[in-house]
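Each remark here refers to the structure printed beneath this line.
2 protein chains.
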Amino acid sequence: MAIKERRARERAEREQLIVRAARELAEAEGWDAVTTRRLAERIEYSQPVLYSHFSGKDAIVAAVAVEGCAELAALLRAAAADVTDPREAFAAVARAYLAFAEANPALYDAIFTLPSTLPFGTPEAPAPLHAAFAAIAEPAARSAKAAGHDPGGYTELAWSALHGMVTLARNGRLRPDLDQPRIDAFTAVF
Amino acid sequence: MAIKERRARERAEREQLIVRAARELAEAEGWDAVTTRRLAERIEYSQPVLYSHFSGKDAIVAAVAVEGCAELAALLRAAAADVTDPREAFAAVARAYLAFAEANPALYDAIFTLPSTLPFGTPEAPAPLHAAFAAIAEPAARSAKAAGHDPGGYTELAWSALHGMVTLARNGRLRPDLDQPRIDAFTAVF
DNA sequence: GTCGAATGTCTAGCGCTGCTAGGATTTCGT
DNA sequence: ACGAAATCCTAGCAGCGCTAGACATTCGAC
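Going line by line, the protein sequences match chains A and B. Just so you know, the first sequence maps onto residues 1 to 190 in the numbering used here. Just so you know, the second sequence maps onto residues 1 to 190 in the numbering used here.
Structure (C-alpha cells):
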C-alpha cells in the first residue's frame, strides 16, 4: 500500500517536473524551442515517458496554461484586494495583467494566444481557467457599472483592449514611447 | 530582349502563383496546412523552386501579408470614404476591420498575429504596410480628437481593442452573444 | 542545325519534429 | 527465486523546411 502511494507520488512529481521544464524552457527560449526531445533530456527520461503522462505535446502546453491561469487569478485578485473604488480596482487589475504578460510572455501565450485544447468558456473548464477569467471580468464589470455602462459588452471590450495591447506590443506593432499614454487612455476609458 | 521580358514576366507570374496558392491553402485549411510540399504540388513545380523566388517559407507568408495589407488599406479607406463625421467614420472603419478579419482569418493572422520578418513600424516597411496602418490610425486619431482626447494613446488603444476582439473571439474566449454589445461599446468609446 | 554556356528544375537527402511499437529492464508480490 | 506487472527504452515512422549537386531545358553564337 505504501508502495502504491510512493509510486503515485513519484508519478505526480514527474508530471510536475515535465510541466516545469516546459514552462522554463518556453520562457527562456520561446515555445518553438520546447521540443519533446529537449523536454525529455531536461527531465532525464526518454521521450516516450512524456506520453505516459500527457496525451501529446499539446497537453503539456495546456497543463502549463492551467498553471498560469491559477497564478494570474491570484495575482489579479491580490492587485484589487485593497482597492475599494471599482474603477481604481480595475485599473490596478489592468496594470497587473499587463505586468504579468510582460513578465511571463510564454505563459501568457500558452493561456491566451496559442491554439489550445483547453475547453475555455465551458462548464467543464478546469477551475483555474474560471478563476482567471473571473479575476478579470468581475472588476471590469464593477468598473463598467460604476461608470454607468452595461457590463456585458464593456467587460469583453476592456479585456480585448488589454489582450490587444499585450499582443500587438509584443509583435512590435505598437510604439514603445506610447506605452504610458496608451495605459492612461485605458484607465480613463475603463 | 523580348525573351528577357518573357522570362521576367513568367517569373513574376510564378511568384504570384506561389503567393496565391499559399493564401488560398491557408484560408481553406489554416497556416499549419501550408507546407512547402503542398505548395510545390499545388503550383506544379518541385519544392526547391519555391526557394528561387523566396528566401524561405517565412518570406512566402510575408508576401501574403503584404498583399493583405494592401487589400485591408483599400477596404478601410472605402469604408470611411463617404462619412464626414470623424466618429462615424472611425466606427465604419472598425466594422470594416472586424469584417475583414472575419472574412479572411488566415490573411489577418499573416499580417497581425504570426511571427513575421516584415519590418513593421519602420521606414523601410513596404508601402502596403504603411497604408494599412494609416487607414486605421488616421480615422482613429480624427475620432479621438473630435472627442477631445489625445490621439497618441487613444489611437493605439482603439486598435488594440479591435485586434483583441478579433483574436480572442477567434480563439473562443469571447461570448458570441456579446458580439453586438461589444461592438456597440467600442463605437460608444472610440 | 549544332554546340556549349547559361538558366532553370529536379531528385535525393539532411537534420529536425511529434509520436509509436515492441523489446528490455525494473519493480513487486508470492 | 520466479513470474507478472509496471515502467522505461531503442529504434524507427511519417512529416517538416531546406539544400547540394545532378539533370534538363533554353538561349545565343556559329
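All residues carry an ideal CB built from backbone N, CA and C; glycine is no exception.
Need the endpoints of the alpha helix (DSSP H) that residue 25(B) sits in, please. Taken as a continuous stretch (DSSP letters only), the alpha helix (DSSP H) holding residue 25(B) covers 2-29.
Between residue 35(A) and chain B, is the shortest Cβ-Cβ distance under 9 Å, so that the two count as touching? The Cβ of residue 35(A) sits no closer than 9 Å to any Cβ of chain B.
Are three or more beta carbon pairs between the stretch 133-146 of chain A and the stretch 100-115 of chain A nearer than 8 Å? no
Kindly give me the distance between the Cβ atoms of residue 142(B) and residue 94(B), rounded to whole angstroms, as I take these residues to be in contact under 8 Å. The pair is not a contact, with the Cβ atoms about 13 Å apart (cut-off 8 Å).
Could you spell out the range, first to last residue, of the alpha helix (DSSP H) harbouring residue 162(B)? Unbroken alpha helix (DSSP H) run through residue 162(B): 151-170.
Residue range of the alpha helix (DSSP H) that residue 60(A) falls in? Here the alpha helix (DSSP H) through residue 60(A) covers 57-80.
When DSSP labels each residue in this structure, what does residue 191(B) get in the three-state scheme? No information on residue 191(B) is available, as it lies outside the stretch 1 to 190 that chain B covers here.
Does the stretch 105-116 of chain A come close enough to the stretch 64-80 of chain A that 3 or more CB-CB pairs lie under 8 Å? yes
Applying the 10 Å Cβ sphere with the 16-neighbour rule, what's the burial state of residue 230(A)? As shown, chain A starts at 1 and ends at 190. That puts residue 230(A) outside it, with no answer to give.
So residue 185(A) packs on residue 157(B), CB below 8 Å; how close in whole Å? The beta carbons of residue 185(A) and residue 157(B) sit about 5 Å from each other, so the pair counts as a contact at 8 Å.
Please tell me whether residue 87(B) and residue 147(B) are closer than 9 Å, where the distance is taken between their beta carbons. yes
Looking only at its chain, what residues have a beta carbon closer than 7 Å to the beta carbon of residue 15(B), apart from the 5 residues adjacent to it on each side? 53
Residue from 59(B), 18(B), 97(B), 63(B) whose Cα sits closest to the Cα of residue 44(B): 18(B)
Contact belief for residue 187(B) with residue 91(B) at Cβ below 8 Å, rounded distance in angstroms: Right, the Cβ-Cβ distance comes to about 4 Å (below 8 Å), so this counts as a contact.
Residues of chain B with CB closer than 8 Å to the CB of residue 54(A), please, in chain order. Ordered by position in chain B, no residue passes the 8 Å Cβ test against residue 54(A), which lies about 20 Å from the chain.
Listed by chain order, chain A residues near residue 153(B) by CB distance under 7 Å: 178, 181, 182, 184, 185
What residues from the stretch 60-75 of chain A come within 8 Å of chain B, judged by C-beta to C-beta, listed N to C? none
Against chain B, does residue 163(A) count as a neighbour if the rule is that its beta carbon must be under 9 Å from one of theirs? yes
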